[in-house]
Amino acid sequence: MTDYEEIGDRWIKQAVHDLQIAEKNLSIAGFDSAAFYSHQSVEKLLKGLISVSGRSIPRTHDLERLGVLLECPDEIIPDLIDLMGDYQTSRYPDMSEVIPCEYYTEAIARDRIRKAQKIFAVLYPEGSNP
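Numbering-wise, the sequence shown is residues 5 to 134 according to the numbering used here.
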């Protein structure tokens, strides 16, 4: 196993864990956290796959850019774009007129998790149902 593969495997393992944490946050009404971890799981999956392919991991949170680097199928690009806004909005109370814990609803959180699950199913099927 190359260094890139080993590093990539670590990122992917963390990505799977983050998706599980996103799902678990639904049960405690941590809807903002569920959205954040949905983004994080996808970002880490993309970065892991880039590394496994033998490339350096870019320092960016831009899911669309990472998806383009991986030549992701067109069917998931809209989901990458939708999840991108949650990186800051779900964490910082000054990113919009409403603070994250009041903005994110169960419906929004479920939507973000569903999009992350879809991306996993397309790019990493063995990790889509942990």
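The beta carbon of each residue, even a glycine, is placed where N, CA and C say it ideally should be. Computed from a predicted structure; not experimentally measured.
Residue i, enclosing alpha helix (DSSP H) - first and last residue
i	result
C105	P104 to Y107
A125	E110 to L127
E9	D7 to N29
S55	F35 to V56
D86	I81 to M88
Cut-off 7 Å between Cβ atoms - residues of its own chain near residue i, not counting five sequence neighbours on either side
i	result
D22	Y41, Q44, S45 and K48
Residue i versus the options, residue with shortest Cα-Cα distance
i	options	result
Q18	G52, D36, Q121 and E101	G52
G34	Y128, R114, V126 and E130	R114
L61	I16, M5 and Y128	Looking at the sequence provided, one finds Ile at residue 61 rather than Leu. Checked all of I16, M5 and Y128; the closest Cα to I61 is I16.
P97	S37, E79 and S57	S37
A125	A111, L50 and E10	L50
Q92	D66, N29, G71 and E10	D66
N29	I112, R69 and V102	I112
Cβ-Cβ distance between residue i and residue j below 8 Å
i	j	result
L87	K119	yes
I54	L73	yes
R56	Y8	The question names Arg, but residue 56 in the sequence shown is Val. Yes, the pair counts as a contact, with Cβ atoms nearer than the cut-off.
G58	T6	yes
S94	P82	no
Other residues of its chain near residue i: CB distance less than 8 Å, five sequence neighbours each side excluded
i	result
D90	A39, F40, S42, H43 and R116
E27	A38 and I117
T109	F35
Cut-off 6 Å between Cβ atoms - residues of its own chain near residue i, not counting five sequence neighbours on either side
i	result
P134	Annotation note: pLDDT 46 at P134 (below 50); position unreliable, coordinate value reported separately. Within the same chain, P134 has close Cβ partners V20 and Q24.
E79	none
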